[in-house]
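Colleague: The following block contains the structure, expressed as structure tokens.
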Amino acid sequence: MNMWSPFFNKTINAVLSPVQKLFSSVSADLCSQILQFFLNKIIVIRAQIHQTNHVPDSFIPSHVQLQSFQPISLPYLEKTVAAMKPSGSPDDVIPPRLLKEVFPLISNSVLGIINSSLTLAEVPRAFKHAVLQPILKKPGLDPTDYSNLRPISKLPFLSKVLEKVVYAQLVNHLNEYQVMDTCQSGFRQQHSTETAHVRVFNDIFLALDSGFHVVLVLLDLSAAFDTIDHDILITRLHTWAGISGTALDWFRSYFCNRSARVMLDGCSSESQPLRWGVPQGSILGPLLFNLYILPLGAIFRKHAVSYHLYADDCQIYFSFKPTQSTQVLSDCILEVKQWLADNFLHLNDSKTDLIVFSPNSITATQQPDLNYLSPNVSSVISNLGVKMDQALKMDAQVNNTVKSCFYQLRRISKLKHILSVRLLKSVVHTFITSRLDYSNSCLYGISKAALSRLQLVQNSAARLLTGADRRQHISPILKSLHWLPVQFRINFKIMLLTYKSLNHQAPPYLCELVHYYNPPRALRSEDKLLLAVPNARLKSRGERAFSVCAPTLWNALPLLVRQAPTASIFKSRLKTHYFNLAFTT
29 MNMWSPFFNK TINAVLSPVQ KLFSSVSADL CSQILQFFLN KIIVIRAQIH QTNHVPDSFI
89 PSHVQLQSFQ PISLPYLEKT VAAMKPSGSP DDVIPPRLLK EVFPLISNSV LGIINSSLTL
149 AEVPRAFKHA VLQPILKKPG LDPTDYSNLR PISKLPFLSK VLEKVVYAQL VNHLNEYQVM
209 DTCQSGFRQQ HSTETAHVRV FNDIFLALDS GFHVVLVLLD LSAAFDTIDH DILITRLHTW
269 AGISGTALDW FRSYFCNRSA RVMLDGCSSE SQPLRWGVPQ GSILGPLLFN LYILPLGAIF
329 RKHAVSYHLY ADDCQIYFSF KPTQSTQVLS DCILEVKQWL ADNFLHLNDS KTDLIVFSPN
389 SITATQQPDL NYLSPNVSSV ISNLGVKMDQ ALKMDAQVNN TVKSCFYQLR RISKLKHILS
449 VRLLKSVVHT FITSRLDYSN SCLYGISKAA LSRLQLVQNS AARLLTGADR RQHISPILKS
509 LHWLPVQFRI NFKIMLLTYK SLNHQAPPYL CELVHYYNPP RALRSEDKLL LAVPNARLKS
569 RGERAFSVCA PTLWNALPLL VRQAPTASIF KSRLKTHYFN LAFTT
């Protein structure tokens, strides 16, 4: 489904909402104006940053050094190119799709370019030029207001091949020496927005169960990837990531003499240098950003404040008793703000969101003093695509999902007569099922009324796909499609995360939440693979924490499912188990 998602999004939008030109007439001058606007935006943001000229503490790990990148073999290169998406730049002499097809004929030449770059620590200048193609941030906005435009950066395909090779060696080094922040989930293998949600929700529920109030702060950074200072990043790669020698020289060359131009309908601006930021649309960019903000974790740990990062999205949450001061949180935020400024990252106070959760179902009438951020307290916030309300009933998230899904169903219904059943099913999965499944593990324990609204969406999608009458019973339809009902899909997701956590296929911050029950010696007659269930004093809260609901569901599973040797076999057995449970009662 993930492979088809971009294709279906682009195709269906083109059919139902034909793409209109941003501007009636395009010229090189217009392209130059747009490019200058994008560049000036970064200059303005950096000018708003008030630095203290404080040099951040340096941390140089002993024995952790990546001194050079190793040349690669031809089979490795061929495998890497075959696995990459055919996306490139308008400047590519050979379109990426064609290049992949004829790659066996030119592979030796490409291998020479890649290995020369790695050994000589030089990145070809042509690899460092980006073509920016503006698009509207949202449909219907005025394109003449350049702030409504978002630049889509396109880099040469071969530059991405080179970055992919470097990325693999760099990640191996970082993983071997555990350099990355444990609470950073952005663009990392086995990590996702959902695993980040699960950990944050778990901690909040357990804190509420213990009688604490919880403040959740969502920091908003302005154009964070674009304002990064190259000199500071190079220093951080050396002092925190342990990169030195020709490997560090390669990164110096990677950032030196980068440039970009804007292209619209065949017209182009002149190229302009990019003095700051990690390259948009690159493979290394997100990873380099994660390394750039590594010292942030030390600040949070210093103040004993919980946090979770997803690239530049920063969640801070702090538990406190009603009689306890929140000055610790205020001090932490102020220090974080100053650290960001010292590193040319701008914290947008006006877009920073806060929400306060109460241990009772009724929201606390007295809000804590959060210094200058107190006016930012909201009753509903959007956290990595999931809406959270103060009562944590998830009604806002359900409402948003239902509204979005029914809108997409109305659009899909217009295409039903021109799509085959196979394609229509793929479209439904892309636009409807993906929305129902997004971070649905956070919906465990919601009200039956909210759950029934989500089930209504799935029922409507099933009827659209099969052409069934509204009066026809839905269970046989779902069974014929082999679709698990919404409640079982939620349980399925939680159990899959549980299995991966137990087998170290999930982020460490989830693996530490679940563990096997260790009964007294007198009761160890057989190993039943049961998980320990933490005590939950407040039933309405504690049973929704991942560390509580996962063991509860896991211990109710048949032993045959829990003993599955691989994740794929576990998924197959689990789906069969839930399918029988859903449709045989």
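For the record, in the sequence shown the residue sitting at position 368 is 396 according to this note's numbering, with numbers rising by one throughout.
Glycine included, each C-beta is placed from N, C-alpha and C at the ideal position.
(1) Over the uninterrupted beta strand (DSSP E) stretch that includes residue 179, give me the two end residues.
(2) Residues in its own chain within less than 6 Å of residue 252 by CB, not counting five upstream and five downstream?
(3) Looking at residue 105 and residue 60, is the spacing between their C-beta atoms short of 8 Å?
(4) Measuring straight from C-alpha to C-alpha, what distance separates residue 404 and residue 358?
(5) Run through the DSSP bridge pairs and tell me what residue 208 is partnered with.
(6) Using CA coordinates, which residue listed in 125, 194, 288, 504 is at the minimum distance from residue 254?
(7) So, using beta-carbon positions, are residue 244 and residue 335 closer together than 8 Å?
(8) Cα separation between residue 610 and residue 496?
(9) Using the Cβ count rule (16 or more neighbours within 10 Å means buried), how would you classify residue 222?
(10) Alpha helix (DSSP H) containing residue 258: first to last residue?
(11) Kindly provide the ranges of any beta strand (DSSP E) runs that are 3 or more residues long and lie completely inside the region 373 to 448, ordered along the chain.
(12) How about residue 572 and residue 413: do their beta carbons lie closer than 8 Å?
(13) Ignore the nearest five residues each way along the sequence and tell me which others in residue 266's own chain have a CB closer than 7 Å to its CB.
(14) Confirm, please, whether the CB-CB distance from residue 478 to residue 416 is below 8 Å.
(15) Going by C-alpha to C-alpha distance, which of 204, 293, 274, 240 sits closest to residue 692?
(16) From this set, 77, 384, 137, 157, which residue's C-alpha is nearest residue 420's C-alpha?
(17) Am I right that residue 309 and residue 192 are in contact with their C-beta atoms under 8 Å? What's the rounded C-beta distance?
(18) Rounded to whole angstroms, what's the CA-CA distance from residue 291 to residue 597? Just pull it up for me.
(19) Taking Cβ positions only, does residue 521 come closer than 8 Å to chain B?
(20) Within its chain, find whatever has a CB closer than 7 Å to the CB of residue 184; leave out the 5 residues flanking it on each side and keep chain order.
(21) If you run the structure through DSSP and keep just helix, strand and coil, what is residue 242?
(22) For residue 179 and residue 66, which I take to be in contact (beta-carbon distance under 8 Å), what is that distance rounded to the nearest angstrom?
(23) Under 7 Å Cβ to Cβ from residue 174, same chain only, skipping five residues before and after it: list those, please.
(24) Apply the 10 Å Cβ neighbour rule to residue 305 and answer buried if 16 or more other Cβ atoms are within range, or exposed otherwise.
(25) For residue 169, collect the residues of the same chain with a Cβ closer than 8 Å to its Cβ; drop the 5 residues on either side in sequence, then sort them by chain order.
(26) Which class does residue 162 belong to by DSSP, given the choice of helix, strand or coil?
(27) Using C-beta distances below 8 Å, list every residue in its chain close to residue 285, excluding the 5 sequence neighbours before and after it, in chain order.
(28) Does residue 151 come out as helix, strand or coil in the three-state DSSP assignment?
(29) Which of helix, strand or coil does DSSP assign to residue 288?
(30) Starting from residue 336, trace the beta strand (DSSP E) in both directions and tell me its first and last residue.
Modeller: Judging by the given coordinates:
(1) Walking along the sequence shown from the start, residue 179 turns up at place 151. Here the beta strand (DSSP E) through residue 179 covers 177 to 182.
(2) Residue numbering aside, residue 252 sits at position 224 when the sequence shown is read from its first letter. Result list for residue 252: 340, 373, in chain order.
(3) Taking the first residue of the sequence shown as position 1, residue 60 is located at position 32. Taking the first residue of the sequence shown as position 1, residue 105 is located at position 77. Cβ atoms of residue 60 and residue 105: not closer than 8 Å.
(4) If you number the sequence shown from 1, residue 404 lands on position 376. If you number the sequence shown from 1, residue 358 lands on position 330. The alpha-carbon atoms of residue 404 and residue 358 are separated by roughly 13 Å.
(5) Position 180 of the sequence shown, counted from the first residue, corresponds to residue 208. According to DSSP, which records beta bridges pairwise, residue 208 is partnered with nothing at all.
(6) Stepping through the sequence shown from its first residue, residue 254 is reached at position 226. With distances taken between Cα atoms, residue 254 lies closest to 288.
(7) Along the sequence shown, one-based indexing puts residue 244 at 216. Along the sequence shown, one-based indexing puts residue 335 at 307. Contact flag unset, no.
(8) Translated into the one-based positions of the sequence shown, residue 610 becomes position 582. Translated into the one-based positions of the sequence shown, residue 496 becomes position 468. Distance between the alpha carbons of residue 610 and residue 496 is about 20 Å.
(9) As a first step, residue 222 must be located in the sequence shown, where it is residue number 194. Classification for residue 222: buried.
(10) Position 230 of the sequence shown, counting from 1, holds the residue named residue 258. 258 to 267 is the span of the alpha helix (DSSP H), which, as asked, contains residue 258.
(11) 381 to 385, 408 to 411, 414 to 417
(12) By 1-based counting over the sequence shown, the position of residue 572 is 544. By 1-based counting over the sequence shown, the position of residue 413 is 385. Their beta carbons are not under 8 Å apart, which means residue 572 does not touch residue 413 by this criterion.
(13) Position 238 of the sequence shown, counted from the first residue, corresponds to residue 266. The residues are 272, 276.
(14) Position 388 of the sequence shown, counting from 1, holds the residue named residue 416. Position 450 of the sequence shown, counting from 1, holds the residue named residue 478. No; because the gap between Cβ atoms is not below 8 Å, this pair is not in contact.
(15) No information on residue 692 is available, as it lies outside the stretch 29 to 613 that the chain covers here.
(16) Start at 1 with the first residue of the sequence shown, and residue 420 comes out as number 392. The residue with the shortest Cα to Cα distance from residue 420 is 384.
(17) Numbered from its first residue, the sequence shown carries residue 309 at position 281. Numbered from its first residue, the sequence shown carries residue 192 at position 164. Not quite, the Cβ-Cβ distance comes to about 13 Å (not below 8 Å), so this is no contact.
(18) Here the question's residue 291 lines up with position 263 in the sequence shown. Here the question's residue 597 lines up with position 569 in the sequence shown. Taking the straight line from one Cα to the other gives about 49 Å.
(19) Included in the structure is just one protein chain, with no chain B present.
(20) Taking the sequence shown and counting its residues from 1, one reaches residue 184 at position 156. So the list reads 116, 117, 119, 120, 154, 155, once near-sequence residues are dropped.
(21) Start at 1 with the first residue of the sequence shown, and residue 242 comes out as number 214. Of the three classes helix, strand and coil, the one that applies to residue 242 here is strand, per DSSP.
(22) Your numbering for residue 179 matches position 151 in the sequence shown. Your numbering for residue 66 matches position 38 in the sequence shown. With 8 Å as the limit, residue 179 and residue 66 qualify as a contact, their Cβ atoms being about 5 Å apart.
(23) Here the question's residue 174 lines up with position 146 in the sequence shown. Counting only Cβ-Cβ distances below 7 Å, and skipping sequence neighbours, we find 62, 65.
(24) Taking the first residue of the sequence shown as 1, we reach residue 305 at position 277. Answer is buried; the Cβ neighbour count reaches 16.
(25) Taking the first residue of the sequence shown as 1, we reach residue 169 at position 141. Once the five neighbours on either side are set aside, the close Cβ partners of residue 169 are 176.
(26) Counting from 1 along the sequence shown, the entry for residue 162 is found at position 134. Residue 162: strand per DSSP, three-state reduction.
(27) Along the sequence shown, read from residue 1 onward, the residue named residue 285 stands at position 257. Excluding residues within five positions, the ones whose Cβ falls inside 8 Å are 153, 156, 301.
(28) For the purposes of this step, residue 151 is identified with residue 123 of the sequence shown, where counting begins at 1. Note: residue 151 maps to coil in three-state DSSP.
(29) As a first step, residue 288 must be located in the sequence shown, where it is residue number 260. Note: residue 288 maps to strand in three-state DSSP.
(30) Position 308 of the sequence shown holds residue 336. That run of the beta strand (DSSP E) goes 334 to 338.
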